[in-house]
Amino acid sequence: DALQAATNDRDAAEATIQGLRRDLVRRGDALRVAEEDRDATIQQLQRELEATKRDAAKWKDDADALRTEAFVEATRLRDETQDARTRAREAAAAQAERLTAAERERDELRRSADERAKRLTVVEGERDELRR
Numbered sequence: 129d130a131l132q133a134a135t136n137d138r139d140a141a142e143a144t145i146q147g148l149r150r151d152l153v154r155r156g157d158a159l160r161v162a163e164e165d166r167d168a169t170i171q172q173l174q175r176e177l178e179a180t181k182r183d184a185a186k187w188k189d190d191a192d193a194l195r196t197e198a199f200v201e202a203t204r205l206r207d208e209t210q211d212a213r214t215r216a217r218e219a220a221a222a223q224a225e226r227l228t229a230a231e232r233e234r235d236e237l238r239r240s241a242d243e244r245a246k247r248l249t250v251v252e253g254e255r256d257e258l259r260r
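Whatever position you read off the sequence shown (first residue = 1), add 128 for my numbering.
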């Protein structure tokens with residue numbers, strides 16, 4: 129009987145060992161599947177990260193190009209504004225010179241008219257004296 133009990137114990141132990149081995153295999157398979165899923169997820173995330181880095185680099189390049197374009201445009205507008213101000217100052221100076229020349233001519237014409245009026249008064253006075 130002891131032999132039968134020992135055989136039963138051995139058979140039970142072997143069955144337990146077989147069950148544990150199957151369980152280890154299942155857990156190992158599950159672990160491998162989980163590792164494969166993890167690796168696939170990591171690879172996907174790495175691809176997405178690389179794509180995001182490329183997008184960010186492109187956006188940075190685009191932003192740099194826009195900044196350069198804005199700077200060039202701002203410089204052009206500043207230069208045009210300065211040129212327009214210079215032309216306006218030159219035009220105002222030329223107009224002031226023309227105005228000064230016209231005022232001088234007007235003053236000369238007034239003096240000339242005043243002198244003629246005085247001469248006319250003198251001539252009329254002399255004529256009136258001669259008539260008397």
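Glycine included, each C-beta is placed from N, C-alpha and C at the ideal position.
All values reported here derive from a predicted model rather than from experimental measurement.
Quick check on DSSP: helix, strand or coil for residue i?
i	result
D114	No answer is possible for residue 114: it lies beyond the span of the chain, which begins at 129 and ends at 260.
R247	helix
D207	helix
D151	helix
D235	helix
D129	coil
R175	helix
R195	helix
R260	coil
Less than 8 angstroms between CB atoms is the rule here; does residue i satisfy it with respect to chain C?
i	result
T144	The structure shown contains no chain C; it holds only a single protein chain.
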